[in-house]
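Here the structure is laid out as structure tokens; the discussion comes afterwards.
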Amino acid sequence: MSKIDISKLSYKELRELMEQTEEEVETRKEQAIKDLRAEFNQKLNDAGFSIRELYPEVFKPTAANASAPAKNKQSTPPKYRNPVNPEETWTGRGRVIGWVLKLAEEKGTTVDAIKNDPAYLNPEHPNYKAHTAELEK
Numbered sequence: 001m002s003k004i005d006i007s008k009l010s011y012k013e014l015r016e017l018m019e020q021t022e023e024e025v026e027t028r029k030e031q032a033i034k035d036l037r038a039e040f041n042q043k044l045n046d047a048g049f050s051i052r053e054l055y056p057e058v059f060k061p062t063a064a065n066a067s068a069p070a071k072n073k074q075s076t077p078p079k080y081r082n083p084v085n086p087e088e089t090w091t092g093r094g095r096v097i098g099w100v101l102k103l104a105e106e107k108g109t110t111v112d113a114i115k116n117d118p119a120y121l122n123p124e125h126p127n128y129k130a131h132t133a134e135l136e137k
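Following full-length UniProt numbering, the numbering of the sequence shown begins with 1 at its first residue and continues without gaps.
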């Protein structure tokens, strides 16, 4: 790769180049992850294994969450709802659940982009109007 001479660029041009570079790096990173995930899933499928079988230590219940008594905690209403299947919801807290990940991958976008799209807000959430107004700012 030939070296780019940036010594003659103005401050503004350097900032624009930096922004373009950061965007391109992020785009290529996302594509590389998507490609690796597809290749990895195909290899797992061809071999007849699941991700849980390959990495049981990751999915093994820990002593803390396997035998701990259920805490008396207030339930959180789901903030997000799948418009295709309204039965699928997510509070927006903790681990990102399957339908959100699948949707982001299918759309070629990020989970944050899904979270910032009013189309995925749950209209039954008590703060639906406030959330919608906040996203539309």
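Yeah, the Cβ is synthetic: ideal placement off N, Cα and C, and Gly gets one too.
How about VAL111 and VAL96: are their beta carbons less than 8 Å apart? Taking the first residue of the sequence shown as position 1, residue 111 is located at position 111. Taking the first residue of the sequence shown as position 1, residue 96 is located at position 96. Yes; because the gap between Cβ atoms is below 8 Å, this pair is in contact.
By a C-beta neighbour count over all protein chains shown, 10 Å radius and 16 as the cutoff for buried, is VAL100 buried or exposed? Locating residue 100 in the sequence shown gives position 100, counting from the first residue. Burial call: buried.
N-terminal and C-terminal residue of the alpha helix (DSSP H) that TYR128 is part of: Taking the first residue of the sequence shown as 1, we reach residue 128 at position 128. Unbroken alpha helix (DSSP H) run through TYR128: 128-135.
ALA119: which of THR89, GLN31, GLY94 and GLY98 sits nearest, CA to CA? Start at 1 with the first residue of the sequence shown, and residue 119 comes out as number 119. Selection THR89, GLN31, GLY94 and GLY98 evaluated against ALA119 yields THR89 as nearest (Cα-Cα).
With H, G and I counted as helix, E and B as strand and the rest as coil, what does DSSP make of THR89? For the purposes of this step, residue 89 is taken as residue 89 along the sequence shown, with counting starting at 1. THR89 falls in the strand class under three-state DSSP.
When we look at the beta-carbon of GLY92 and count the other beta-carbons within 10 Å, is it buried (16 or more) or exposed? What you label residue 92 is simply residue 92 of the sequence shown in a count that begins at 1. Burial call: buried.
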